[in-house]
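Note sheet for the following structure.
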Amino acid sequence: VRLEDVSVLTGDTGAIPLGVGTYASRTAVVAGNAVSQAARAVRDRIAVGRGPTFIQVASDGREIWGTNTGEASIYVIDAASRSVATIEVGAMPQHLTVVGDRVYVTLGGQDQVAVLDRATRRILTRIPVGRKPHGIWPSADGRRLYVAHEEGHDLGVIDVAAGRVAATAPVGKKPIAVVVSRP
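The sequence shown runs 5 to 187 under our numbering.
Pasting the structure below:
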């Protein structure tokens with residue numbers, strides 16, 4: 005993916021609408037079919053911890069992964085049983101992405117991306133990145149990760165195989181989210 009094909013959102017998080025995420029108070033997570041459109045009612049409530057910030061449904065639909073910035077942890081919800089497991093990862097987990105058998109978590113308080121094994125839910129390694137990593141998005145082939153560095157005002161490109169930042173590019177003030185628009 006060429007850097008020109010990567011979009012980065014900047015600005016106050018309260019002003020940027022997200023399709024799936026948390027309410028502005030960061031006290032409730034809304035995902036998938038949690039809200040019944042016909043009844044306009046909440047179908048279920050699942051406690052996940054303090055400070056839920058971001059969620060992603062795994063591509064197979066079996067798990068919902070999310071970050072708890074207020075607790076320095078992430079959580080995983082089993083979609084069938086609705087059971088919740090919490091995993092301590094480090095200071096200020098912001099966003100995450102599930103890619104195959106790996107989960108990548110930006111740690112804004114540590115300037116790192118934690119790499120977890122999806123099956124064992126254990127941290128395999130930590131990749132040093134730019135200042136206050138926030139948003140993260142994989143390339144279509146999973147060989148690269150694009151990370152928005154909120155206080156670095158740039159975008160880092162992680163080479164997954166090498167486990168390091170391979171390139172950076174300035175993108176403007178306080179980038180918080182990344183979306184790759186082309187493969």
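For every residue, glycine included, the Cβ atom is placed at its ideal position computed from N, Cα and C.
Just so you know, these numbers come straight off a predicted model, no measurement behind them.
Can you tell me which residues form a DSSP beta bridge with residue i?
i    : result
T172 : G160
D82  : E67
I140 : V151
I59  : G70
I131 : V117
Quick check: what's the CA-CA separation for residue i versus residue j?
i    : j    : result
A118 : D48  : 30 Å
V103 : D64  : 11 Å
L120 : Y108 : 6 Å
G134 : Q116 : 8 Å
H138 : A123 : 24 Å
G23  : Q60  : Because the pLDDT of G23 is 38, which lies under 50, any placement of that residue in the model is unreliable, and the number read from its coordinates should be weighed accordingly. The straight-line gap from Cα to Cα measures roughly 11 Å.
S77  : A181 : 19 Å
T170 : S87  : Note that residue 170 is Ala in the sequence shown here, rather than Thr. Roughly 38 Å between the two C-alpha positions.
T90  : F58  : 14 Å
G113 : D105 : 25 Å
D82  : R125 : 13 Å
E92  : V80  : 12 Å
T172 : P142 : 15 Å
G160 : A84  : 36 Å
V151 : V164 : 12 Å
G156 : P179 : 9 Å
K136 : A166 : 21 Å
S185 : A144 : 10 Å
Count the other C-beta atoms from every protein chain shown that fall within 10 angstroms of the C-beta of residue i, then say buried if there are 16 or more, exposed otherwise.
i    : result
E154 : buried
L128 : exposed
P56  : buried
D158 : buried
I50  : exposed
G176 : exposed
G190 : Absent from the structure is residue 190, since the part of the chain shown begins at 5 and ends at 187.
V183 : exposed
For this session: Could you pull out every unbroken beta strand (DSSP E) segment of at least 3 residues lying fully inside the region 84 to 125, listed in chain order?
Result: 88 to 92, 97 to 103, 106 to 111, 116 to 121
Exercise. Is it a yes or a no for the region 66 to 73 touching the region 90 to 105, going by three-plus beta-carbon pairs under 8 Å?
Worked result: yes
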